[in-house]
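All remarks here apply to the structure that follows.
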Amino acid sequence: MVHFVGAGPGAPDLITLRGRRLLETADVIIYAGSLVNPELLSFAKEGCRIHNSACMNLEQVIEVMKQAEAEGKTTVRLHTGDPSVYGAIREQIDLLKRDGISYDVCPGVSSFFGAAASLACEYTLPEVSQSIIITRMSGRTTVPDGESVRSFAAHQATMILFLSVGMIEDVVRELTEGGYQPDTPAAVVYKATWEDEKIVRASLDELAEKVQAAGIKKTALIIVGKVLGDDYALSKLYDKHFTTEYRRGV
């Protein structure tokens with residue numbers, strides 16, 4: 039059996055209870071060494087075989103899983119954040135299915151939730167934004183036609199960009215030319231919830247300069263939108279004049 043486990047955003051205590059239990063009982067752990075906090079490996083039992091996938095290709099990862107399965111052992115494939123977001127699990131799952139190896143997926147806390155906690159922000163504020171766009175700049179992995187950062191910017195929704203901070207000047211240009219005003223609030227969160235986390239807050243037109251001054255080049259999220267500002271409407275849910283199934287408005 040292979041368990042794909044979301045490690046959470048970084049802090050070891052932000053892995054789910056199920057994820058920790060699977061780590062504690064695994065015979066083999068394959069972890070994304072360039073992204074996953076190595077402190078999570080302290081949950082592994084004595085004798086567990088541990089592999090760093092940062093040094094492996096897809097075929098080598100699958101071979102380790104197949105060998106463990108042949109030995110009747112349980113494998114945990116430990117991915118950063120939640121494995122459904124830029125986790126590259128589909129290609130692994132399809133190969134496991136081809137070889138008749140059972141698998142399941144344990145969700146995790148995505149780094150974009152960790153970043154929101156670090157910023158103490160709410161991505162969906164009434165009368166500001168009720169939508170979240172999660173995307174990335176095109177790079178070695180291209181973005182499909184119709185999903186450009188510039189085209190998404192026209193919606194003025196809360197936007198969260200993964201895997202793009204190394205192109206911060208291009209990001210700012212695409213966002214502003216797409217429709218965000220230069221004074222739109224923005225933030226970059228480097229290694230959200232890790233001990234060495236860094237946060238840069240700035241208006242969009244000042245963001246690139248401040249991020250470069252902070253020396254942030256990778257492992258960071260870019261958050262853009264008016265939800266990072268101070269203007270918003272109160273929620274209807276707790277409005278004393280609003281009637282719900284549980285209380286009558288006054």
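Residue numbers (the numbering used here): 39 to 288. C-beta atoms are modelled at their ideal positions from N, C-alpha and C, and glycine is treated no differently.
Between Ala240 and Gly146, the gap from beta carbon to beta carbon reaches 7 Å or more.
Counted as a single uninterrupted DSSP element, the stretch harbouring Thr214 is not any beta strand (DSSP E) but the alpha helix (DSSP H) occupying residues Ile206 to Gly216. Your pair Ala246 and Ile206 checks out as a contact, with CB atoms roughly 5 Å apart and the cut at 8 Å. In the DSSP assignment, the residues bridged to Pro223 are Ser241. Nearest in C-alpha terms to Gly110, of all of Met39, Gly287 and Pro164, is Met39. Distance between Gly48 and Arg211, taken at the CA atoms: about 30 Å. Ranking Gly57, Leu60 and Ser202 by CA distance to the CA of Val249 puts Ser202 first. Residues Ile100 of the same chain have their beta carbon placed closer than 6 Å to that of Leu133, with the five preceding and five following residues left out of the count. No residue range can be given for Phe280, since it is assigned to no alpha helix (DSSP H) and is classified by DSSP as neither H nor E.
Considering only Gly204, Ala192, Ile170 and Phe200, the residue with the shortest C-alpha distance to Gln219 is Ala192. Going by DSSP, Leu116 is part of the beta strand (DSSP E) stretching over Thr113 to His117.
Around Glu165, the same chain offers Ala271 as residues with beta carbons nearer than 6 Å, after the five sequence neighbours per side are excluded.
For Lys236, the three-state secondary structure derived from DSSP is strand. Beta-bridge partners of Thr173 (DSSP): Leu199.
Membership of Asp132 in the alpha helix (DSSP H) is indicated by the continuous run Arg128 to Arg136. Separation of the CB atoms of Ser156 and Thr196 is rounded to 16 Å, and the pair is thereby denied contact status at 8 Å.
Cβ contact annotation for Leu213 (same chain, cutoff 7 Å, sequence separation greater than five): Val187, Ala191, Leu242 and Val262, in chain order.
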